[in-house]
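In what follows, a single structure is set out as structure tokens and then discussed.
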Amino acid sequence: MPSRRALLTAAAVAGFGYLGRSPVHAVEPPPAPGAPVWSAEYEAKKGLVSLAMFRKRLAPPQAGERPRPVLVFVHGSSISSRPSFDLTVPGAGEYSMMNVFARWGYDTWTLDHEGYGRSSRTDGNADIASGVEDLKAATEVIARETGRARFHFYGGSSGALRAGAFAMARPERVERLILEAFTWTGKGSPTLAKRAENLAYFRANHRRPRGRDMIRSIFTRDKPGTSDPRVAEALADAELAFGDTIPTGTYLDMTANLPVVDPTRVKVPVLMVRGEHDGIATEEDLLEFYRRLPNPDRQFIVLAGASHAVALGHTRQQLWHVMRAFLELPRPS
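For any residue, its number in our numbering is found by taking its place in the sequence shown, counting from 1, and adding 949.
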């Protein structure tokens, strides 16, 4: 649960936007890790490209049941969907966001974008525009299987760029949007400045090398000590089963083609979450994006002590808390 100091920090940074929730839920702990969760695999087709999809909820769907709120998780540049959102770290507690939100009553979904995980490997570089097309195909499957037309979306890092760009392209599919570890123009970002040193490589190649040391660096590049070292090893074990290369498209977009999301065209309610030490974007860059969002139903939160890898760090339960508070914000009465 976020500390009072963390929420006050968020309020001071944002200057506006709702930052709390009802007192009853504010003290509610995460669901018990042992609660069973049902899961299933699906496939979406984007032309000839096969996109692997994964779903988790408390129980199998039943005919005539009341639809559950749908939450779609969108992965980033270097790690595919299930290691990102359904990771098991032996002896270290709960790290699966899909488990957590399934136990809270959500119908959770994720997918491997083209060129990642269990999805088709192609000659494409899986840039942000390609990711939007992936989400268009995936949401057709989700709508068919759930009977719902609108879904909540969470995107982390370049997954936030994919989710934001999708919200521009298909606003009718988006209920509420969570952008975590987002970047807008990239101005002042130390992470992107370092990444841009390899811009020529990203332009010339559609895949880049990605090994255990690179995965470890996700957790240490901003501020060491913001995560349990066992997480990086478990993540590498899970992800390297899919090989030691990944697409370059999102890195190319983030170093040469920003901005790819226009805040004035994101009409849906938005929560932006930034880790205090995240080097992917400055607060100034993100706040300027936030100020331009047209929907007054918006929030900006900084999580003290967090780095880029918020979802797999020591502050992950704070992230779950602010996400749920935003998704379940009571309507005025």
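No residue lacks a Cβ here, since even glycine has one placed at the ideal position from N, Cα and C.
Which same chain residues end up closer than 6 Å to H1024 when comparing Cβ atoms and leaving out the 5 residues on each side of it in sequence? Mapped onto the sequence shown, residue 1024 falls at position 75. Taking H1024 as the centre and dropping the five residues before and after it, the same chain places the C-beta of S1030, S1033, G1108 closer than 6 Å to its C-beta, in chain order.
Which first and last residues belong to the beta strand (DSSP E) in which P1158 is found? Position 209 of the sequence shown, counted from the first residue, corresponds to residue 1158. Element bounds for P1158: 1156-1158.
Cutting at 6 Å between CB atoms, please list the residues of its own chain near A975, excluding the five before and the five after it. Start at 1 with the first residue of the sequence shown, and residue 975 comes out as number 26. Confidence at A975 is low in this model, with a pLDDT of 40, below 50, so its placement is unreliable and no value can be given for it.
Grab me the residues of A955's own chain with a C-beta within less than 7 Å of its C-beta, minus the 5 sequence neighbours each way, in chain order. Locating residue 955 in the sequence shown gives position 6, where the first residue counts as 1. Confidence at A955 is low in this model, with a pLDDT of 40, below 50, so the placement of that residue should be treated as unreliable; the coordinate-derived value is given next. Scanning its chain for C-beta atoms nearer than 7 Å, with the 5 sequence neighbours on each side dropped, one finds around A955 the residues L1252, A1253, Q1267, in chain order.
Do the stretch 1096-1116 and the stretch 1125-1138 touch if we need at least three Cβ pairs shorter than 8 Å? Segments in contact, yes.
I'd like the list of long-range same chain contacts for V1209, defined as Cβ closer than 7 Å, with 5 residues on each side in sequence excluded. What you label residue 1209 is simply residue 260 of the sequence shown in a count that begins at 1. I1077, L1110, A1114, D1202, listed in sequence order.
DSSP bridge partner residues for E1043 (one or two, in chain order): The sequence position of residue 1043 within the sequence shown is 94, counting from 1. T1037.
Is it buried or exposed for P1018, if we count other Cβ within 10 angstroms and need 16 for buried? Numbered from 1 along the sequence shown, position 69 holds the residue referred to as residue 1018. The residue in question, P1018, is buried, as its Cβ has 16 or more Cβ neighbours within 10 Å.
Around the Cβ of G1228, are there at least 16 other Cβ atoms within 10 angstroms (buried) or fewer (exposed)? Here residue 1228 refers to the residue found at position 279 of the sequence shown. Label assigned to G1228: buried.
Please specify which runs of the beta strand (DSSP E), each continuous and at least 3 residues long, are wholly inside the stretch 1092-1155, giving them in chain order. The stretch 1092-1155 contains these whole beta strand (DSSP E) runs: 1100-1105, 1123-1129.
Would the stretch 1078-1086 count as touching the stretch 1059-1068 if we require 3 or more Cβ pairs under 8 Å? Cβ pair count under 8 Å is three or more, so yes.
Tell me whether the stretch 1258-1265 and the stretch 1175-1191 touch, counting them as touching only if at least three CB pairs, one residue from each stretch, are closer than 8 Å. In the pairwise beta carbon analysis, the stretch 1258-1265 is classified as touching the stretch 1175-1191: at least three pairs are separated by under 8 Å.
Please determine, among S1026, A993, F1022, the residue with the shortest C-alpha to C-alpha distance to R1157. Reading the sequence shown from its first residue, position 208 is the one you call residue 1157. Scanning S1026, A993, F1022 for the CA closest to the CA of R1157 turns up S1026.
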